[in-house]
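Q: Mind having a look at this structure? Questions to follow.
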Amino acid sequence: MKRYRFRLEAVLRARRAQEDMARQELARANRTLQAADDLLRAEQDRYRALAAPSGTVDVAGELGERQRRELVAAAAHEAGLRREDLAVAAAVQQAAWREAAQRVAALERLDARRRADHELALNRSVAAEIDDLVTSRFTPEAGSRRVARPGGAGASVPPRTGGGGLR
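The sequence shown begins at 2 in the numbering used here and counts up by one.
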């Protein structure tokens, strides 16, 4: 019987390569998301660290301070929006990786199933060969066993005594 060969091996290799690429893209998206989280925290800390106006302040100073607070708040808001966009992108990458992993797993299950079928067929053919060898050595009509000798000549051997026989 032939050696087992998975006919979809090339497809499986391609799917594994796709899964690896998807895993790398997911890792990149998660790193980018983590950097966005860090930036958002930094911007929020910067906004919270702004000093509240105290005492009397002239109008020009108040307007300048207000504009500064608005710019810091806008930067924090932009960092939050960017983080949300990156979270969505990371979720999309995770779904893509999950789908690629499922495709690989399906092909691996198919390979395992076909490998088991091949193994079963191989075991059956070996058992059939053994049965053929056993039945070709014994001829029930003559009541004797035939022993195959090198060179193709068989010799008749008398049956065993003592209730032996085939079991």
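Glycine included, every Cβ here is placed at the ideal spot set by N, Cα and C.
For my contact list, LEU108 and ARG16 are in at a C-beta cut-off of 8 Å; report their separation, rounded to the angstrom.
A: So it is a contact: roughly 6 Å between Cβ atoms.
Q: Measure the alpha-carbon distance for ARG114 versus ARG125 and round it to whole angstroms.
A: 17 Å
Q: Which value, in whole angstroms, describes the spacing of the CA atoms of LEU72 and THR33?
A: 24 Å
Q: Tell me the residue span of the alpha helix (DSSP H) that contains LEU72.
A: 60–138
Q: Output yes or no for whether 8 Å exceeds the beta carbon distance between ARG24 and TRP98.
A: yes
Q: ALA18 by DSSP, collapsed to three states: which one?
A: The three-state reading of DSSP puts ALA18 in helix, counting H, G and I together.
Q: Going by CA-CA distance only, name the one from MET22, GLU10, GLU26 and ARG6 that's closest to ALA90.
A: GLU26
Q: Is the region 118–138 in contact with the region 30–50, if contact means three or more CB pairs nearer than 8 Å?
A: Contact between the region 118–138 and the region 30–50 is not established, with fewer than three Cβ pairs separated by less than 8 Å.
Q: One question on the structure: do ARG70 and LEU41 come within less than 8 Å of each other, judged by their Cβ atoms?
A: no
Q: Using 8 Å for Cβ pairs, my map puts ASP84 next to ASP46. What's the rounded Cβ distance?
A: Checking the sequence shown, residue 84 turns out to be Arg, not Asp. Going by Cβ atoms, the distance from ARG84 to ASP46 rounds to 15 Å, so no, they are not a contact pair.
Q: If you measure from the beta carbon of ALA101 to each beta carbon in chain C, is any gap under 8 Å?
A: Reference to chain C is not applicable here, since this structure consists of a single protein chain.
Q: Please say whether ALA76 and GLU44 have beta carbons closer to each other than 8 Å?
A: yes
Q: Work out the CA separation of SER55 and ARG49 for me, nearest whole Å.
A: 16 Å
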